[in-house]
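Under UniProt numbering, the letters of the sequence shown match residues 1 to 64, in that order.
Virtual Cβ for every residue (Gly too), placed ideally from N, Cα, C.
Accompanying notes for the structure given below.
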Amino acid sequence: MKRIALINDVTGYSRCSIAAQLPIISAMGIECVFVPTAILSVNTMHPEYYFDDYTDRMNDYIET
């Protein structure tokens, strides 16, 4: 089975980011390994949202 790193943000509410990509890639028979870049409550088109940037932690995440 092929495997890829899916490097993107995770959005709690909305069909975007990893939530939109994962079903398509999985349907292709490819295993996904998540590497989160940020956590958001909703997409940034909403007037208010929570955003937690993970880019400073990506190296630690990948190395463990």
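Would SER17 be called buried (16 or more neighbouring beta carbons within 10 Å of its own) or exposed? Indexing the sequence shown from 1 puts residue 17 at position 17. SER17 should be labelled buried.
Top-ranked residue by Cα proximity to ILE39, from ALA5, ILE24, CYS32, SER14: Stepping through the sequence shown from its first residue, residue 39 is reached at position 39. When each option's Cα is compared against that of ILE39, the closest is SER14.
Pick out whichever of VAL33, TYR50, GLU31, MET1 has its Cα sitting closest to the Cα of GLY12. By one-based count along the sequence shown, residue 12 stands at place 12. Taking each of VAL33, TYR50, GLU31, MET1 in turn and checking the Cα distance to GLY12, the smallest one comes out for TYR50.
Roughly how many angstroms separate the alpha carbons of ALA19 and TYR61, rounded to a whole number? Taking the sequence shown and counting its residues from 1, one reaches residue 19 at position 19. Taking the sequence shown and counting its residues from 1, one reaches residue 61 at position 61. Near 20 Å, if we compare the C-alpha coordinates of TYR61 and ALA19.
Which word fits ASP9, buried or exposed, when buried means at least 16 other C-beta atoms lie within 10 angstroms of its C-beta? The sequence position of residue 9 within the sequence shown is 9, counting from 1. Under this definition ASP9 is a buried residue.
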